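Asker: Can you read through this structure? Questions will come right after.
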Amino acid sequence: MDYQRDFDKLQNNFTIIKNSYLDSMAEHLWSYDTRLLEIQLDGLGRLQGVSYLRLVADNKTIYETGKSDPTEESHKRFDIYHKNTNEILGALDVELDIKSLREKYFQEAIWIFIRQAAKTAVVVFFLYFIFNRILVVHIKHIAGYLAENRGRDAKDLELKRRAHKGQDELDVLVESINQFRSELLEANQKLESLNQALEQKVAERTRQLTTKNESLEKAMMQIKRMQATLVAQERLASLGSLTASVAHEIRNPLNFVLNFSELLTDSENLEEIKEISRVILKHSQRIDQIVRSMQILSGYDSDVLEVTDINEIVKKSYQDTVSTRSLGSSYVPPKVTYRLGESVKAPVYTTSLLRALSNIVDNAIHALEKKVRANKNFEPELILSTAVRGDMVEITIRDNGVGIPTILGEKIFDPFLTTKSAGEGAGLGLTVAFNIAQKHGGTLKYNSEFGQWTEFSMSLPLTHERPNS
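Numbering follows the UniProt record's numbering, with no gaps: position 9 of the sequence shown is 9.
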């Protein structure tokens, strides 16, 4: 407020100069009375707050007093006009000393701040002294008590204070701390009791579990012994069933051979002898085929593991099957489609794999022949595919033949199970293919829709490790 008042007072000098001095200066300049001008300007220079004056006429400085400050912001020029002609006779430059005014009030502000700071410091010190005496000492005592008696059964907290009426905040705090400590000790005692009871329960439960584990181990040992016995019995039963099947499969063609051999010794007709010899040869070849298949099933072969182009084996399996099997009168060559991957190579037993794929292709052609006989307009199709999937190579053989009955399920891989007519197959083809896939450490699976299609998928590893037998 004081600063604004003094500032307005300085600014009022401009109004005084304009209203009281400019007209008389114009007359003195017109009459060129320099003595009166100097007297008037000296009086003007003694006005409070005027720091610089300069009178200019005809582009010449007639009068100048004080020192001009280019940084001074309160600077003003007054043009001096002749009263009658309005002709500019000169100009008066005036500067007010605002900087000094500001410095004055800045110094006063500093002293005010120092006085207020000193007063504040005294008040703060006094308040701190009172606060420390009334509150801080007791707070420290409470903190020390809590730190020393944490979780221990100690005396109640008491503060050394002068007697006073009523109950203040410190009394409420002390009472709350004592109550909380009492409840905490009680809770700790309950927790210790619970922990002891829990330890006893855990120990008892551990003993029970140990007893049960021992009983389970004994039961597992008994189950393993029973499993071993059952497996041995199952193997004996399977061996007996397989032996009976082999004996049955060999006995039939063998009976033919024996019977026709007797006819051969009694016959003298050359044509009849040739026909009998042909029948004997056919059934002998069937016996040889059964024996060879049994050798493969038993793992008895001399095939060597070698890295081979799988695509070539797939193509050869179809070519060999078509060239060696006896094709019926209803045979219609299928539309063969190869969908072979690029550079599909893997370590395989070449001869065994070729035999396995040929068996699957032979079954596919047989399924196509059956469908052709049922429908003369049927167009048989066979799709052979290869692809690398991860660390396995997958071989797929798909036909659109009669399909496989759902009721057969995985039994189609059982030995001597066949849907072919008598003399057309021994029922070992898919069994051999399944075992060869396992011999490679792979799998053989199928999917079929009866009456529509069948697809066999053989997956073989790309590694050189031979699977454990």
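We put the beta carbon where it would ideally sit given N, CA and C, even for glycine. A quick note: this is a predicted structure, and the numbers were derived from the prediction, not measured.
Given a cut-off of 7 Å, decide if Arg77 and Ala91 are closer than it, judged by their beta-carbon atoms.
Answerer: It is a contact, given that the beta carbons lie within the stated cut-off.
Asker: List the residues that DSSP assigns as beta-bridge partners of Glu95.
Answerer: Answer is Tyr52, His75.
Asker: What residue does the alpha helix (DSSP H) around Asp23 start on, and which one ends it?
Answerer: It spans 22-31 - the alpha helix (DSSP H) in which Asp23 sits, taken as one unbroken run.
Asker: Helix, strand or coil for Ile404, going by three-state DSSP, please let me know.
Answerer: Correct three-state label for Ile404: coil.
Asker: To the nearest angstrom, how far is the alpha carbon of Val122 from that of Ser51?
Answerer: If you take the alpha carbons of Val122 and Ser51, they lie about 43 Å apart.
Asker: Count the other CB atoms, across all protein chains shown, that sit within 10 Å of the CB of Gly299; report buried if there are 16 or more and exposed otherwise.
Answerer: The predicted position of Gly299 is uncertain, since its pLDDT is 49 and thus under 50; a value taken from the coordinates is nonetheless stated next. With fewer than 16 other Cβ atoms within 10 Å, it is exposed.
Asker: Compute the distance between the beta-carbons of Leu353 and Ile313, then report whether it is under 7 Å.
Answerer: Yes, Cβ-Cβ distance for Leu353 and Ile313 is below 7 Å.
Asker: Just how far apart, CA to CA, sit Ala387 and Phe450?
Answerer: For Ala387 and Phe450, the distance between alpha carbons rounds to 26 Å.
Asker: Under the DSSP definition of a beta bridge, which residues are partnered with Ser457?
Answerer: Beta-bridge pairing links Ser457 to Thr396, Lys445.
Asker: In the structure shown, what three-state DSSP assignment does Thr308 receive?
Answerer: Strand.
Asker: Pull up the DSSP beta-bridge partners for Arg389, would you.
Answerer: DSSP, once it has assigned bridges, lists Met392 as partnering Arg389.
Asker: With distances taken from CA atoms, which of Asp97, His28, Arg46, Ile110 is nearest Ile80?
Answerer: The shortest C-alpha separation from Ile80 is found at His28.
Asker: Can you tell me the Cβ-Cβ gap for Leu53 and Glu38, rounded? I've got them flagged as a contact below 8 Å.
Answerer: With 8 Å as the limit, Leu53 and Glu38 do not qualify as a contact, their Cβ atoms being about 11 Å apart.
Asker: To the nearest angstrom, how far is it from the Cα of Leu96 to the Cα of Phe106?
Answerer: Cα to Cα, Leu96 sits roughly 18 Å from Phe106.
Asker: Helix, strand or coil: which one does DSSP assign to Thr65?
Answerer: Residue state, collapsed to three classes: strand.
Asker: How many whole angstroms separate the CB atoms of Leu22 and Ala57, which I take to be in contact at a CB cut-off of 8 Å?
Answerer: With a Cβ gap of about 13 Å, Leu22 and Ala57 do not count as contacting.
Asker: Within 10 angstroms of the Cβ of Ile458, are there 16 or more other Cβ atoms? Answer buried if so, exposed if not.
Answerer: For the sequence presented, residue 458 should be read as Met rather than Ile. Burial call: buried.
Asker: I need the straight-line Cα distance from Gln319 to Glu271, nearest angstrom please.
Answerer: For Gln319 and Glu271, the distance between alpha carbons rounds to 34 Å.
Asker: Straight-line CA distance for Leu194 to Ala187?
Answerer: In a straight line, the C-alpha of Leu194 is about 10 Å away from that of Ala187.
Asker: How long is the line joining the alpha carbons of Asn468 and Thr350, rounded to whole angstroms?
Answerer: Because Asn468 sits at a pLDDT of 48, beneath the cut-off of 50, its placement in the model cannot be relied upon, and the following sentence gives the value as read from the coordinates. Rounded to the nearest angstrom, the two C-alpha atoms are 19 Å apart.
Asker: List the whole-angstrom C-beta distance separating Ala346 from Ile310, where the pair is believed to meet the contact cut-off of C-beta under 8 Å.
Answerer: Going by Cβ atoms, the distance from Ala346 to Ile310 rounds to 6 Å, so yes, they are a contact pair.
Asker: Which residues in the same chain as residue 470 place their Cβ atom closer than 6 Å to its Cβ, once the five residues preceding and following it in sequence are excluded?
Answerer: Here the chain has residues from 1 to 469 only, and residue 470 is not among them.
Asker: Please state the DSSP three-state secondary structure of Glu381.
Answerer: Looking at Glu381 - three-state DSSP - the assignment turns out to be strand.
Asker: Which residue wins for smallest C-alpha separation from Ala26, given the options Gln40, Thr15, Asn13?
Answerer: Selected option, being the one with the closest Cα: Gln40.
Asker: Under three-state DSSP, which class holds Leu47?
Answerer: Three-state DSSP puts Leu47 in coil, outside helix and strand.
Asker: What distance in whole Å lies between the Cβ atoms of Gly401 and Ala364, which are believed to be in contact at a cut-off of 8 Å?
Answerer: Their Cβ separation, rounded to whole angstroms, is 6 Å, which keeps Ala364 and Gly401 in contact under 8 Å.
Asker: On the DSSP bridge assignment, give the partners of Arg339 in chain order.
Answerer: Ser385.
Asker: When the Cα atoms are used, what is the spatial distance from residue 470 to Phe456?
Answerer: Outside the shown range of the chain, which is 1 to 469, sits residue 470, and nothing can be said about it.
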